[in-house]
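What follows is a set of notes on a single structure, which appears directly below.
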Amino acid sequence: MTPPTTSITTLWETLEVVARGHRIAIAARLNTARCEKRQRLEDEIRVMEATHSRTGSLAVKRQLTALRKQLRSLDGDRAEYALFRTNQKFYAGGDKAGRLLAHCLHMQTASRRVAELRLLGGTLTSH
Numbered sequence: 017m018t019p020p021t022t023s024i025t026t027l028w029e030t031l032e033v034v035a036r037g038h039r040i041a042i043a044a045r046l047n048t049a050r051c052e053k054r055q056r057l058e059d060e061i062r063v064m065e066a067t068h069s070r071t072g073s074l075a076v077k078r079q080l081t082a083l084r085k086q087l088r089s090l091d092g093d094r095a096e097y098a099l100f101r102t103n104q105k106f107y108a109g110g111d112k113a114g115r116l117l118a119h120c121l122h123m124q125t126a127s128r129r130v131a132e133l134r135l136l137g138g139t140l141t142s143h
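Put into structure tokens, the structure is as follows:
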């Protein structure tokens, strides 16, 4: 048996790439399922709205309310994820630009501060 000619580093990087590919495939599959579910709910809501407008049935209205609740839940999950990503990006980059701007503003304010005023009589006032 011959010793392997591939280094451990190359094998490790290959494993990372394959694992990343699997994670991307899973995420794509979940995203597709989520989009299909959303589309299905929107289609069902359209049909139920048309049925409800024709019949005015209380049972149809309850079903329509349940479908809208499911759709709102999906929208809430999307908003929650968007907030999560926003926070993640904010903390990952830090607020370097904001801190730099605040520091520059503070320095400009300090340099423009009037420490004393000379009154008409020649006396100095500090406040």
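Heads up, the sequence shown is in the numbering used here, so the first residue is 17 and it goes up one at a time.
All residues carry an ideal CB built from backbone N, CA and C; glycine is no exception.
Reducing DSSP to helix, strand and coil, say where T156 ends up.
Since the first residue shown for the chain is 17 and the last is 143, residue 156 is missing from the structure and cannot be characterised.
Could you check where the alpha helix (DSSP H) with A44 kicks off and where it finishes?
I24 to T71
Determine the direct distance from the alpha carbon of T67 to that of V76, and round the result to whole angstroms.
7 angstroms
Round the Cβ separation of L90 and R45 to the nearest angstrom and send it over; I've been treating them as touching at under 8 angstroms.
The C-beta separation of L90 from R45 comes to about 17 angstroms, leaving the pair out of contact by the 8 angstroms criterion.
Report the rounded CA-to-CA distance for S69 versus R50, giving the unit in angstroms.
For S69 and R50, the distance between alpha carbons rounds to 28 angstroms.
Closest to I61 by CA distance: which of T81, G37 and T26 is it?
Of the candidates T81, G37 and T26, T81 places its Cα closest to the Cα of I61.
Using 8 angstroms as the threshold, is the C-beta distance between T141 and L133 below it?
yes
Counted within 10 angstroms of its Cβ, other Cβ atoms place M123 as buried (16 or more) or exposed
exposed
DSSP on L136, reduced to helix/strand/coil?
Looking at L136 - three-state DSSP - the assignment turns out to be coil, as it is neither helix nor strand.
Straight-line Cα distance separating R36 from A118
So the two alpha carbons sit approximately 40 angstroms from each other.
Output the distance between the C-alpha atoms of R88 and R78, rounded to the nearest integer angstrom.
Taking C-alpha positions only, R88 is separated from R78 by approximately 15 angstroms.
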